[in-house]
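Using the UniProt record's numbering, the letters of the sequence shown map in sequence onto residues 1 to 170.
Every residue, glycine too, gets a C-beta built ideally from N, C-alpha and C.
Note that this is a predicted model, so its numbers are computed, not measured.
To start, the structure itself, in structure tokens.
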Amino acid sequence: MASGGRVVLVVEDRYAKRALELLLGRRGLHCFMVLHLPVCSAKMTRIVSAHLRSGRRVVILVDAELGRASERERSVREKHRLGGDVEVIAIDPCMEALACTALGLRGCRDKPCNGGPVRAVNEYWRRIHRRDYEKRFLPQLLLEADNAGSLEKVDEFRRLLGAVAKACRQ
Numbered sequence: 001m002a003s004g005g006r007v008v009l010v011v012e013d014r015y016a017k018r019a020l021e022l023l024l025g026r027r028g029l030h031c032f033m034v035l036h037l038p039v040c041s042a043k044m045t046r047i048v049s050a051h052l053r054s055g056r057r058v059v060i061l062v063d064a065e066l067g068r069a070s071e072r073e074r075s076v077r078e079k080h081r082l083g084g085d086v087e088v089i090a091i092d093p094c095m096e097a098l099a100c101t102a103l104g105l106r107g108c109r110d111k112p113c114n115g116g117p118v119r120a121v122n123e124y125w126r127r128i129h130r131r132d133y134e135k136r137f138l139p140q141l142l143l144e145a146d147n148a149g150s151l152e153k154v155d156e157f158r159r160l161l162g163a164v165a166k167a168c169r170q
């Protein structure tokens, strides 16, 4: 997206970048840019701070991994000393859980990610595409879940849409 976007989405999953550009663009939201940054890095702190100083809103999307989503959101906020202008959304346990839940598969919130949502997505992927799911297929997977019409029913995706839409209107 254009570098002048009013909203900066920071994602730790490199394949989520393209998926979010497509999914948000489908909804007429074009006031954002997506950055792939390791969430645990000092570089992220510097980049987020620079965008906040320039008047942009920042939304950080992270995997909850093995912990609780609320704890992961709190730890990211504390580590980077993020104020109220930053929305942190932890996906429980990982990005594949969005599609897994939207597609109505089983085990979508099981941890670790490989044993829960990735396993369920792999079974779905084999059935539909006749090959194993690979991480690089994440954009296509999320688009398929969106085409099924259920992605907006997933809490984390709804939170993301709400945060971006609100910032785009400001």
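Rounded to whole angstroms, the gap between the alpha carbons of Cys100 and Ser49 is 33 Å. Three or more Cβ pairs closer than 8 Å define a contact, and the stretch 96 to 116 meets that threshold against the stretch 138 to 152. If you keep only unbroken beta strand (DSSP E) runs of at least 3 residues inside the stretch 4 to 43, you get 7 to 11, 32 to 36.
The stretch 122 to 134 and the stretch 80 to 87 do not touch, with fewer than 3 CB-CB distances between them shorter than 8 Å. For the set Leu66, His30, Glu73, the Cα lying nearest the Cα of Val39 is the one of Glu73. For Ala120, the enclosing alpha helix (DSSP H) starts and ends at 117 to 129. Arg109 sits in coil when the DSSP states are folded into three classes, being neither helix nor strand. In this structure, the straight-line span from the alpha carbon of Ala163 to that of Val59 is close to 7 Å. Linking Val76 to Leu22 through their CA atoms gives a straight-line distance of about 26 Å. Counting along the chain, Asp155 sits inside the alpha helix (DSSP H) bounded by residues 155 to 169.
Within the same chain, Cβ atoms closer than 7 Å to the Cβ of Lys17 are found at Val11, Val34, His36, the five residues on either side in sequence being excluded.
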